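Its first residue numbered 370, the sequence shown is counted upward by one per residue in the working numbering. Glycine included, each C-beta is placed from N, C-alpha and C at the ideal position. These figures come from a predicted structure and were not determined experimentally.
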Amino acid sequence: MKRTLTLILLLGALALLAAQTYSPINPVSDEDEVYYDDEIMLINEDELEAETGFLGIYVDDLNFPKAQALKYNKNHGVLILGVVEDSPAAAANLQKDDIIMIMNDQVVTNKQKFIEICEGTKVGDEMKLKIWRNGAEQAAELTLGEKIEDDGIDPSRITVSFKPNLTTGYGGGGWIPMWATVDVSDINELLEELYFEPMREKGMLMQGGAGKMHIGKGFFFGLQGASYADKGKSNTPATAADQKLRANYIMSTFEFTIDKRFAVKPWLVLSIGTGLGPAKHKVELYRDESDSTWPANNNYGLGYHKAALKKSYLTVHPRFEALFPLVSWFGLRMEAGYNYGFSPNRGWREEEYNGEYRPITNSPETKFGAFTINARPRFGFLENKRISKKK
370 MKRTLTLILL LGALALLAAQ TYSPINPVSD EDEVYYDDEI MLINEDELEA
420 ETGFLGIYVD DLNFPKAQAL KYNKNHGVLI LGVVEDSPAA AANLQKDDII
470 MIMNDQVVTN KQKFIEICEG TKVGDEMKLK IWRNGAEQAA ELTLGEKIED
520 DGIDPSRITV SFKPNLTTGY GGGGWIPMWA TVDVSDINEL LEELYFEPMR
570 EKGMLMQGGA GKMHIGKGFF FGLQGASYAD KGKSNTPATA ADQKLRANYI
620 MSTFEFTIDK RFAVKPWLVL SIGTGLGPAK HKVELYRDES DSTWPANNNY
670 GLGYHKAALK KSYLTVHPRF EALFPLVSWF GLRMEAGYNY GFSPNRGWRE
720 EEYNGEYRPI TNSPETKFGA FTINARPRFG FLENKRISKK K
């Protein structure tokens, strides 16, 4: 009896389970249609990222000589070396030697920053640029496209060429040895009358210094000073009654200069200009004795007596020069010119004890004019070399 009851219960439980297993969930009627897609899509992880936008240019970092050659006065930016044909950059009229300063309000500090900005873009993005061209800032807008696989440019042949933008230099200075054919015949006549040996009349080697700075458009403003001195000359009096004297002679010039330079070759810069400033002849005559006596009975002797004679001029010094850059900071310079002086006084003047000058009667007019020539080393920024870089 018990076995029969147990068997009935088991059969009933199985029946309930069967009823639950085959009960429909969200049953579909005969009028409904069900479609099954048996395609499996394989997704590459790289395809989940959008393609980086394509600009279509080759760039490199700027260097100082190239920035100066393009008259660019900022310390950031990248230089366009080439533009891909039919690219977004070409459509926006970007050109070789443009400097990209800002991309979408981000300052382009260098080539690495340029790459980082580009990697953050995708195809179809709008980009606003600020570029430098022809000495001025310009704006450009473009839409980034897809990369052009064959752009027709061989990157290995892209170079940074300085040929279209030869630089005239950025200022500098140095020592001046200048040969000048100054007429000293009037000074020699005075010296010979006082029993001094005359100076040579074929010319004199003046020495000094000069410096120039670039003020724009190839013009340079500067200062130049040079002098010649023959000091401590001793006379040989004909008789003991004549005074035994010493003499100093000084010739000096000082000029404000203005020059215009023309870069002809990477190794040659020509210049034409002029200088304007004062010049003077000065003769000092003095008696230098070792012993002095205290004044007594209106009779005294002092050991030092001096007379200073001067002839002043305003000079104009047109000249032509050639610069030969050797390295970025050093070169050779050759100059030739003619220095012509106008004197506000007809004759010479003598310096008085209070520093003022008075005219000397019957003194010569002493004209001033001299051919000048000099060759010297020059220190400054003169980089004109052609530089090539592979990108």
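Using a Cβ-Cβ cut-off of 6 angstroms (strictly less than) and excluding sequence neighbours within five positions of Y564, which residues of its own chain qualify?
Taking the first residue of the sequence shown as position 1, residue 564 is located at position 195. Counting only Cβ-Cβ distances below 6 angstroms, and skipping sequence neighbours, we find N604, T605 and P606.
Every unbroken alpha helix (DSSP H) within the stretch 589 to 660, with a cutoff of 4 residues, ordered by chain:
none
Backbone CA spacing between D455 and K634 [nearest angstrom]:
Counting from 1 along the sequence shown, the entry for residue 455 is found at position 86. Counting from 1 along the sequence shown, the entry for residue 634 is found at position 265. Cα to Cα, the separation comes out at about 34 angstroms.
Taking C-alpha atoms, which residue in G644, R615, D628 and G451 lies nearest to G710?
Locating residue 710 in the sequence shown gives position 341, counting from the first residue. Of G644, R615, D628 and G451, the residue nearest in Cα terms is G644.
Specify the secondary structure class of E420 as computed by DSSP and reduced to three states.
Within the sequence shown, numbered from 1, the residue matching residue 420 stands at position 51. Correct three-state label for E420: coil.
Using 10 angstroms around the beta-carbon of E763, count the other beta-carbons present and answer buried if the total reaches 16, otherwise exposed.
With the chain covering only 370 through 760, there is no way to say anything about residue 763.
Report back the beta-carbon spacing between D466 and T735 to the nearest angstrom; my notes put them in contact at under 8 angstroms.
Your numbering for residue 466 matches position 97 in the sequence shown. Your numbering for residue 735 matches position 366 in the sequence shown. Contact flag wrong, Cβ pair sits at about 56 angstroms.
V476 classed as buried or exposed, judged by whether at least 16 other C-beta atoms fall within 10 angstroms:
The sequence position of residue 476 within the sequence shown is 107, counting from 1. Burial is judged here by how many other beta carbons sit within 10 angstroms of a residue's own beta carbon; V476 has fewer than 16 and is exposed.
Rounded straight-line distance, which links the Cα of P457 to that of E402:
What you label residue 402 is simply residue 33 of the sequence shown in a count that begins at 1. What you label residue 457 is simply residue 88 of the sequence shown in a count that begins at 1. Unreliable placement is indicated for E402, whose pLDDT of 48 sits below 50; the coordinate value is still reported in the next sentence. Whole-angstrom Cα-Cα distance: 51 angstroms.
Quick check on K435: does DSSP put it in helix, strand or coil?
Translated into positions along the sequence shown, residue 435 becomes position 66. The answer is helix: DSSP assigns K435 an H, G or I state.
With D555 as the anchor, note down where its beta strand (DSSP E) starts and where it stops.
If you number the sequence shown from 1, residue 555 lands on position 186. From DSSP, D555 is part of no beta strand (DSSP E) but of the alpha helix (DSSP H) over S554 to E562.
Using three-state DSSP, classify E488 as helix, strand or coil.
In the sequence shown, counting from the first residue as 1, residue 488 sits at position 119. Three-state result, E488: helix.
Along the chain, where does the alpha helix (DSSP H) containing P746 start, and where does it finish?
Mapped onto the sequence shown, residue 746 falls at position 377. P746 -> not in any alpha helix (DSSP H); beta strand (DSSP E) instead, spanning F737 to G749.
Does E624 pass the burial test, meaning 16 or more other C-beta atoms within 10 Å, or should it be called exposed?
Along the sequence shown, read from residue 1 onward, the residue named residue 624 stands at position 255. E624 should be labelled buried.
Provide the residue(s) that pair with H583 in DSSP beta bridges, ordered along the chain.
Residue numbering aside, residue 583 sits at position 214 when the sequence shown is read from its first letter. According to DSSP, H583 bridges with F589.
Between F693 and L683, what straight-line distance do the alpha-carbon atoms span, to the nearest angstrom?
Walking along the sequence shown from the start, residue 693 turns up at place 324. Walking along the sequence shown from the start, residue 683 turns up at place 314. Roughly 31 angstroms between the two C-alpha positions.
Within 10 Å of its beta-carbon, does A508 have 16 or more other beta-carbons around it, so buried, or fewer, so exposed?
Against the sequence shown, residue 508 aligns to sequence position 139. Exposed, because fewer than 16 other Cβ atoms sit within 10 Å of the Cβ of A508.
State the start and end residues of the unbroken alpha helix (DSSP H) segment that holds P457.
In the sequence shown, the residue the question calls residue 457 occupies position 88. Residues P457 to A460.
In or out: V696 buried (at least 16 other Cβ within 10 Å) or exposed?
By 1-based counting over the sequence shown, the position of residue 696 is 327. Exposed, by the Cβ-count rule.
Please classify N413 as buried or exposed, where buried requires at least 16 other C-beta atoms within 10 Å of its C-beta.
For this step, residue 413 is matched to residue 44 along the sequence shown. In this predicted model, N413 has a pLDDT of only 43, less than 50, meaning its place in the structure is not dependable enough to derive any value.
Within 10 Å of its beta-carbon, does Y441 have 16 or more other beta-carbons around it, so buried, or fewer, so exposed?
The residue labelled residue 441 in the question sits at position 72 within the sequence shown. Buried, since its Cβ has 16 or more Cβ neighbours within 10 Å.
C-alpha distance - Q593 paired with S640, whole-angstrom precision:
Locating residue 593 in the sequence shown gives position 224, where the first residue counts as 1. Locating residue 640 in the sequence shown gives position 271, where the first residue counts as 1. Taking the straight line joining both Cα atoms gives about 16 angstroms.
What does W544 pair with, by DSSP beta-bridge criteria?
Taking the sequence shown and counting its residues from 1, the one referred to as residue 544 is at position 175. DSSP lists G578 as partners of W544.
Go ahead and pull the three-state DSSP assignment for F483.
The residue labelled residue 483 in the question sits at position 114 within the sequence shown. F483 falls in the helix class under three-state DSSP.
State the CB to CB distance for the pair A549 and N708, rounded to an integer number of angstroms; the pair is presumed to be in contact (CB under 8 angstroms).
Your numbering for residue 549 matches position 180 in the sequence shown. Your numbering for residue 708 matches position 339 in the sequence shown. Contact holds; Cβ gap of about 7 angstroms.
Which of the three DSSP states, helix, strand or coil, is assigned to N708?
Numbered from its first residue, the sequence shown carries residue 708 at position 339. Looking at N708 - three-state DSSP - the assignment turns out to be strand.
Short Cβ contact (7 angstroms threshold) for A691 with I742:
Sequence index remark: in the sequence shown, residue 691 carries index 322 (1-based). Sequence index remark: in the sequence shown, residue 742 carries index 373 (1-based). Judged by their CB atoms, A691 and I742 are not nearer to each other than the 7 angstroms cut-off.
May I have the straight-line CA-CA distance separating V652 from F740, to the nearest angstrom?
Looking up residue 652 in the sequence shown gives position 283. Looking up residue 740 in the sequence shown gives position 371. Near 22 angstroms, if we compare the C-alpha coordinates of F740 and V652.
Which first and last residues belong to the beta strand (DSSP E) in which I776 is found?
With the chain running from 370 to 760 in the structure shown, residue 776 is simply not present.
Quick test of your reading: P746 and G543, contact by CB under 8 angstroms. State the CB separation rounded to the nearest angstrom.
Position 377 of the sequence shown, counted from the first residue, corresponds to residue 746. Position 174 of the sequence shown, counted from the first residue, corresponds to residue 543. With a Cβ gap of about 6 angstroms, P746 and G543 count as contacting.
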